[in-house]
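Structure, as structure tokens:
2 protein chains.
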Amino acid sequence: MNAPARVLVSGTGLIGTSVALALRGKGTEVFLSDADPATAKLAADLGAGVLVPDLRDAKGIADIAVLAMPPALVGRELAFVQECAVADVYTDVASVKVLPARQARELGCDLESFVPGHPLAGREKHGPGAAQSDLFLGRTWALCPLPETSADAVSAVTALAAGCGADPVVTDPETHDRWVALVSHAPHLVAAAMAARLAPSGVPADALKLAGGGLRDVTRIAAGDSALWTQILSANAGPVAEVVAAVAEDLAAVARLLARQPQGTPGAGTGVAAVTVLLDRGRAGTSRIPGKHGGQPRNFTVVQVVIADQPGELSRLFTAAGAAGVNIEDVRLEHSPGLPVGVAELSVRPDQAGTLLDAMEAGGWPVRR
Amino acid sequence: MNAPARVLVSGTGLIGTSVALALRGKGTEVFLSDADPATAKLAADLGAGVLVPDLRDAKGIADIAVLAMPPALVGRELAFVQECAVADVYTDVASVKVLPARQARELGCDLESFVPGHPLAGREKHGPGAAQSDLFLGRTWALCPLPETSADAVSAVTALAAGCGADPVVTDPETHDRWVALVSHAPHLVAAAMAARLAPSGVPADALKLAGGGLRDVTRIAAGDSALWTQILSANAGPVAEVVAAVAEDLAAVARLLARQPQGTPGAGTGVAAVTVLLDRGRAGTSRIPGKHGGQPRNFTVVQVVIADQPGELSRLFTAAGAAGVNIEDVRLEHSPGLPVGVAELSVRPDQAGTLLDAMEAGGWPVRR
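Here the protein sequences line up with chains F and P, keeping their order.
Position one of the first sequence corresponds to residue 31 (my numbering), numbered consecutively onward.
Position one of the second sequence corresponds to residue 31 (my numbering), numbered consecutively onward.
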């Protein structure tokens, strides 16, 4: 499966320009267009491809046209570029799929040549200046063909996604939108609702001193841009509402049961059994989230090491681990509020934990076995 | 404020033995007792202190007695050790405070000498073998005096907490329990309720391929032990129920508004404004969570570096950072499912970001500015 020979990227923001850069690296001839000429020029200056000043003069210029713009703009752009006949196959990269597919249908676009797509990659920065040729490396790229979409079109876009280094997964727009509601959009709202409880009124700063890493983890994504997330959530409103309503219902039920629990009888009562059931379901859910390298979640052993908070300390640590031939699969620093020490939690393959512990001890670190 | 001269630790599990080890390091004479003689002996063998076979023969043995056992057992043990008159001052380390304080009162304990306490530290392992002298280093240690508690008793336990390297924070039992409900217990349930949506029925494995780091963060703590967390949640049922009910209500309200949102009109409608309000409250909440070194949350600049997933790679990276005099405040590895590369996100002080980027580039890493 070779990367396509000629690709037009319409919309040279972060995603579009990253697609262009990735494909250029594979020898693809790339053409660039953007509603904002300065944005397109910046992408071209970055080496992403050749400018196309007017798509109406670009008939047959590409094998595939990639429409890289917000969901609500995809339908109209598809109608336009198909009218210009710029390519044989068309795809988009918007983060929801039902909305653009429906608009394309309503606008009478040719659906046989259209493969709705969504690369699961992004950055906090925007614009062509933030683009990276390796943005899609190892990421999932969802392809959501419509009933009308031809098999040849799907093959072509699959090759494009693979050419960008991504892992193509085929589904349909409705399923895609339910999936991203579940694994991305609803979790954002849940994190925000928990974090909203920490807002200043009624919660003194001392309360937050009792917070640990758990709270930070749960609420981290709630720090994201509210306006951007409002757009995302409302463009996938139905599926998000379904997941969030179910979460709210589970939480409300547990809250009712706990409220009835007599304060002095921990562990007793029927309400408590229901709490355990929800916690067990939660454990089952977390175990399904793919770990590093995708596929089956892998179990790593966590080795804890106390480290001084000074330049070079992590360097010494990782040098010792590397010298012992141990690959650190993940690392987290546990913060020690108030004191200049921390605990590094190093995840390694279980069969390497002993080697790492020995190496750390030999290096003089207080190791926690 | 000196560490106490003589301390009795009753209950030589993880926390009790860690207190003993920490105080021994400060020159405190430590005595050990446990309902299970083998557990007490193991703690003594680990150098945590001197065994006291029978507390009835230990009148006046200590300045402070530390009761390190589950919340529901504290009241009875306090009544017993006060009857034996083993110490002048008493404290406990249980993770909720209203329940043991009430039981102590009901059992007619002397409350003038009792300072309910809670060190915010723990590990996933249990027992004296998992104990660490540095477990409390830089952690918050809540002290929750009752109306009857004497100022001298509070001073003594404050010195004990400080002697363990912790940061003492004084409040009262009711406030403490509301605070931990907010920053620890409720977030656990919220994470579990989100993760429960990922359980196998109806969610194919492909859906999880669309998951990113956000979902992993939100649900991480839901992997904890269900039985243990059921105990914790039911021992603090009222305050937990209050927070969880409020979160559920916010989520249900947003779900209702989103469900009414016409699918084709992203960004429009009054429901959307309410979503933004919740997201904004969430952002305000996350900004209050203390960062490293406690106190005011600090803003770090995140520098992204693409790294190969092989032994020694992180070592080279941190060596380069250390050589440039840059202190890495936090590090996260972004997983790349399916491919042996990753992105290291290094948090540094904003004024050091440029230096780090230069050092990374000089070292040959593809840097993301």
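Glycine included, each C-beta is placed from N, C-alpha and C at the ideal position.
Bear in mind that the values here come from a model prediction, so they are computed numbers and not experimental data.
>> Please list, in chain order, the chain F residues whose beta carbon lies closer than 9 Å to that of G342(P).
In response: In the second sequence, residue 342(P) corresponds to position 312, counting from 1. Close to G342(P), with beta-carbon spacing below 9 Å, are these residues of chain F in chain order: F348, T349, A351, G352, A353, G355, N357.
> Quick one: is A117(P) near chain F, going by C-beta distance under 8 Å?
Replying inline: As a position in the second sequence, residue 117(P) is number 87, starting the count at 1. Closer than 8 Å: no.
> Which word fits V60(F), buried or exposed, when buried means at least 16 other C-beta atoms lie within 10 angstroms of its C-beta?
Replying inline: Translated into the one-based positions of the first sequence, residue 60(F) becomes position 30. By the neighbour-count criterion, in which a residue is buried when 16 or more other Cβ atoms sit within 10 angstroms of its Cβ, V60(F) is buried.
> Does the region 132–150 of chain F come close enough to the region 188–206 of chain F to have 3 or more Cβ pairs within less than 8 Å?
Replying inline: Short answer: they touch.
> Hey, out of A52(P), G244(P), A350(P), whose CA is closest to A392(P)'s CA?
Replying inline: Locating residue 392(P) in the second sequence gives position 362, counting from the first residue. Of the candidates A52(P), G244(P), A350(P), the residue whose Cα lies closest to the Cα of A392(P) is A350(P).
>> So for H206(P), helix, strand or coil by DSSP?
In response: Start at 1 with the first residue of the second sequence, and residue 206(P) comes out as number 176. Helix.
> So who's on the other strand from V199(F), going by DSSP bridges?
Replying inline: Taking the first residue of the first sequence as position 1, residue 199(F) is located at position 169. Partner(s): A172(F).
>> Taking 8 Å as the threshold (C-beta atoms), are V39(F) and L76(F) in contact?
In response: On the first sequence, residue 76(F) is found 46 positions in, with the first residue counted as 1. On the first sequence, residue 39(F) is found 9 positions in, with the first residue counted as 1. It is not a contact, given that the beta carbons lie outside the stated cut-off.
>> So, at 8 Å on beta carbons, what are the nonlocal neighbours of R54(P) in its own chain, with the 5 sequence-adjacent residues on each side left out?
In response: Counting from one through the second sequence, the residue named residue 54(P) turns up at place 24. These residues qualify, in order along the chain: V60, G77, A78, G79, S163.
> For V123(P) versus L85(P), is the C-beta distance shorter than 8 Å?
Replying inline: Within the second sequence, residue 123(P) is the residue found at index 93, counting from 1. Within the second sequence, residue 85(P) is the residue found at index 55, counting from 1. Note that the C-beta distance between V123(P) and L85(P) is not below 8 Å.
>> Using only the alpha-carbon positions, how far apart do A221(P) and A285(F) sit?
In response: The residue you call residue 221(P) lines up with position 191 of the second sequence. The residue you call residue 285(F) lines up with position 255 of the first sequence. Straight-line Cα distance between these residues: approximately 14 Å.
> Do you know how far the Cα of V270(F) is from the Cα of L288(P)?
Replying inline: Locating residue 288(P) in the second sequence gives position 258, where the first residue counts as 1. Locating residue 270(F) in the first sequence gives position 240, where the first residue counts as 1. When rounded, the distance between both Cα atoms is 8 Å.
>> Counting only Cβ-Cβ distances shorter than 7 Å, please list the residues of the region 259–274 of chain F near chain P, keeping chain order.
In response: Residues passing the 7 Å Cβ filter: W259, T260, Q261, L263, S264, A265, A267, G268, V270, A271, V273, V274.
>> Looking at L173(P): is its Cβ nearer than 8 Å to the Cβ of V184(P)?
In response: Looking up residue 173(P) in the second sequence gives position 143. Looking up residue 184(P) in the second sequence gives position 154. Result yes, Cβ atoms of L173(P) and V184(P) sit closer than 8 Å.
> With 16 other CB atoms within 10 Å as the buried threshold, where does H156(P) fall?
Replying inline: For the purposes of this step, residue 156(P) is taken as residue 126 along the second sequence, with counting starting at 1. Burial state of H156(P) is exposed, judged by a 10 Å Cβ sphere holding fewer than 16 other Cβ atoms.
> Quick one, are the C-beta atoms of V378(P) and V397(P) less than 8 Å apart?
Replying inline: The count along the second sequence starts at 1 and reaches residue 378(P) at position 348. The count along the second sequence starts at 1 and reaches residue 397(P) at position 367. Remark: C-beta atoms of V378(P) and V397(P) do not approach each other more closely than 8 Å.
> Relative to the C-alpha of A74(P), which residue among K56(P), G57(P), G46(P), R208(P) is closest?
Replying inline: For this step, residue 74(P) is matched to residue 44 along the second sequence. When only C-alpha atoms are compared, the closest one is G46(P).
>> The alpha helix (DSSP H) that contains S63(F), what's its start and end?
In response: Taking the first residue of the first sequence as 1, we reach residue 63(F) at position 33. S63(F): not part of any alpha helix (DSSP H); member of the beta strand (DSSP E) spanning 59–63, first to last residue.
> Of the choices R208(P), V302(P), D381(P), whose alpha-carbon is the least far from that of V332(P)?
Replying inline: Taking the second sequence and counting its residues from 1, the one referred to as residue 332(P) is at position 302. Distance check between V332(P) and each of R208(P), V302(P), D381(P) places D381(P) closest, using alpha-carbon atoms only.
>> Looking at the strands, I want to know which residues DSSP matches up with Q261(P).
In response: Taking the first residue of the second sequence as 1, we reach residue 261(P) at position 231. Beta-bridge pairing links Q261(P) to no other residue.
> In terms of residues, what are the limits of the beta strand (DSSP E) holding T179(F)?
Replying inline: The sequence position of residue 179(F) within the first sequence is 149, counting from 1. Segment: none, T179(F) is in no beta strand (DSSP E) and carries neither H nor E.
>> Between S63(F) and chain P, is any beta-carbon pair separated by less than 8 Å?
In response: Position 33 of the first sequence, counted from the start, is the residue given in the question as residue 63(F). So no, S63(F) is outside the interface.
> Under the rule that 16 or more other beta-carbon atoms within 10 Å means buried, what is G57(P), buried or exposed?
Replying inline: Looking up residue 57(P) in the second sequence gives position 27. G57(P) should be labelled exposed.
> Which runs of the alpha helix (DSSP H) fall wholly inside the region 35–118 of chain F and span at least 4 residues, in chain order?
Replying inline: Every alpha helix (DSSP H) of 4 residues or more that sits fully in the region 35–118 of chain F is shown, in chain order, as 44–54, 67–75, 101–114.
> Going along the region 298–316 of chain F in order, which residues come within less than 7 Å of chain P, judged by CB to CB distance?
Replying inline: Sequence-ordered contacts of the region 298–316 of chain F with chain P read V302, V305, T306, L308, L309, D310, R311, G312, R313, A314, G315, T316 [C-beta pairs closer than 7 Å].
> Just checking my contact of Q291(P) with A267(F) at CB under 8 Å: how many whole Å lie between their CB atoms?
Replying inline: As a first step, residue 291(P) is located in the second sequence; it is residue number 261 there, counting from the start. As a first step, residue 267(F) is located in the first sequence; it is residue number 237 there, counting from the start. The beta-carbon distance between Q291(P) and A267(F), rounded to whole angstroms, is 4 Å. This is short enough to meet the 8 Å contact definition.
> Per DSSP, what kind of secondary structure is E375(F) in: helix, strand or coil?
Replying inline: The residue you call residue 375(F) lines up with position 345 of the first sequence. Strand.
> Name the chain P residues whose beta carbon is nearer than 8 Å to that of T58(F)?
Replying inline: Your numbering for residue 58(F) matches position 28 in the first sequence. Within chain P, no C-beta atom comes nearer than 8 Å to that of T58(F); the closest sits roughly 20 Å away.
>> Using CA atoms only, rank isn't needed, just tell me which of A253(F), A276(F), Y120(F) is closest to S317(P).
In response: Start at 1 with the first residue of the second sequence, and residue 317(P) comes out as number 287. Each of A253(F), A276(F), Y120(F) was checked against the Cα of S317(P), and the nearest Cα belongs to A253(F).
>> So, with DSSP's three-state summary, where would you put H218(F)?
In response: For the purposes of this step, residue 218(F) is taken as the residue at position 188 of the first sequence. In this structure, H218(F) counts as helix in the three-state DSSP scheme.
>> Taking 8 Å as the threshold (C-beta atoms), are V104(P) and P130(P) in contact?
In response: Walking along the second sequence from the start, residue 130(P) turns up at place 100. Walking along the second sequence from the start, residue 104(P) turns up at place 74. With a cutoff of 8 Å on beta-carbon distance, P130(P) and V104(P) are scored as near each other.
> In its own chain, which residues sit with a C-beta less than 8 Å from the C-beta of T201(F), not counting the 5 before and 5 after it?
Replying inline: For this step, residue 201(F) is matched to residue 171 along the first sequence. Excluding positions up to five away in sequence, the list reads A172, L173, C174, W209.
>> Nearest by alpha-carbon distance to G301(P): which of P83(F), S264(F), S125(F) is it?
In response: Here residue 301(P) refers to the residue found at position 271 when the second sequence is read from its first residue. The candidate whose alpha carbon is nearest that of G301(P) is S264(F).
> With a CB to CB cut of under 6 Å and the five nearest residues on each side skipped, what residues in its chain are close to L219(P)?
Replying inline: Position 189 of the second sequence, counted from the start, is the residue given in the question as residue 219(P). The answer, listed in chain order, is V274.
> Are A109(P) and L141(P) closer than 8 Å when you measure CB to CB?
Replying inline: By one-based count along the second sequence, residue 109(P) stands at place 79. By one-based count along the second sequence, residue 141(P) stands at place 111. The answer is no: Cβ separation not under 8 Å.
>> Any beta carbon from chain F within less than 8 Å of G242(P)'s own beta carbon?
In response: Along the second sequence, read from residue 1 onward, the residue named residue 242(P) stands at position 212. It does: the Cβ of G242(P) has a partner Cβ on chain F nearer than 8 Å.
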